[in-house]
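Below is one structure, written out as structure tokens; the observations come after it.
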Amino acid sequence: GQQVMQIPQYQHVQEGEDFTTYCNSSTTLSNIQWYKQRPGGHPVFLIQLVKSGEVKKQKRLTFQFGEAKKNSSLHITATQTTDVGTYFCAGLNSGGYQKVTFGIGTKLQVIP
Amino acid sequence: ETGVTQSPTHLIKTRGQQVTLRCSSQSGHNTVSWYQQALGQGPQFIFQYYREEENGRGNFPPRFSGLQFPNYSSELNVNALELDDSALYLCASSPRTRDRAKDTQYFGPGTRLTVL
């Protein structure tokens, strides 16, 4: 079945440093979505990438979708304490029904 | 807020009992997916409902079942609860558009189930 690997699982950064999390799928994806989950909360949708090689930016966040539509990354520039949380990638399969497979998540801690 | 609501927010059950969780989808969304999120893990796909029919299932046993109603709200039922069923149960609603690749899921706040 489809697998989505995400690394690293944990990342501690000093406030102001950059942060990147990477996602790899075992199969080609229709799209990839990124979510942020704060402790005790639920996943909150950040962005969706659909096109091969797509790059999207949201303020300090940059999202990329690989040319083969099997990998993706999220990069945060100059982290802030408000960036703390777990970032999940989730790949939508190319099959007949809408199954979304989540990565294990990257838990980001920002040290003030 | 996404407009997706779930009830109850928290629930405590004992092994062997049955539980029903509820989800109201966002207005205009006809598809509901259910996920189980164990502590420290990513959400795992349980199943999806589209227009009142199951439309795909993950690796969960038959004691996990569901329903979708004409107003697109949904229920998740779990029979014969086991300790490992303790988790956050999330539902997500989405529209079903012509370009399926652009459909986006919006998650509810979840129901935290504890099985003792």
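Each protein sequence line maps, in turn, to chains A and B. Under the working numbering, the first sequence has 10 at position 10, and the numbering climbs by one with no breaks. Whatever position you read off the second sequence (first residue = 1), add 112 for the working numbering. Ideal placement from N, C-alpha and C gives every residue a C-beta, glycine not left out.
Chain-order list of chain B residues neighbouring T101 (chain A): F157, by C-beta distance under 8 Å.
Counting every other CB atom within 10 Å of its CB across the protein chains shown gives S52 (chain A) a total below 16, marking it as exposed.
If the five residues before and after L200 (chain B) are omitted, its C-beta is found closer than 6 Å to the C-beta atoms of Q149, G222, R224, all from its own chain and listed in chain order. Take E54 (chain A), set aside five residues on each side of it, and the residues of its chain with a beta-carbon closer than 6 Å to its own are F65, in chain order. T81 (chain A) carries a helical assignment under DSSP once its states are collapsed to helix, strand and coil. A Cβ-Cβ distance of about 7 Å is found for the pair Q33 (chain A) and F45 (chain A), placing them in contact under the 8 Å criterion.
With a beta-carbon spacing of about 6 Å, P43 (chain A) and F88 (chain A) fall inside the 8 Å limit used to define contacts.
Taking the Cα positions, G91 (chain A) is about 29 Å away from E194 (chain B). For G178 (chain B), the enclosing beta strand (DSSP E) begins and ends at 176-180. Note on geometry: alpha-carbon atoms of I7 (chain A) and N24 (chain A) lie some 9 Å from one another. Taking a C-beta distance under 8 Å as the contact criterion, Y35 (chain A) and K107 (chain A) do not qualify as a contact pair. For the stretch 26-42 of chain A, the residues whose beta carbon sits under 8 Å from a beta carbon of chain B are, in order, S30, N31, Q33, Y35, G41, H42.
DSSP places S185 (chain B) in no beta strand (DSSP E); its state is neither H nor E. Within the model, the alpha-carbon separation for I158 (chain B) versus I76 (chain A) is close to 31 Å. Residue-level contact by beta carbon fails for G66 (chain A) and chain B, as no gap is shorter than 8 Å. Taking a Cβ-Cβ cut-off of 7 Å, F63 (chain A) has no neighbours in chain B, whose nearest Cβ is about 14 Å from it.
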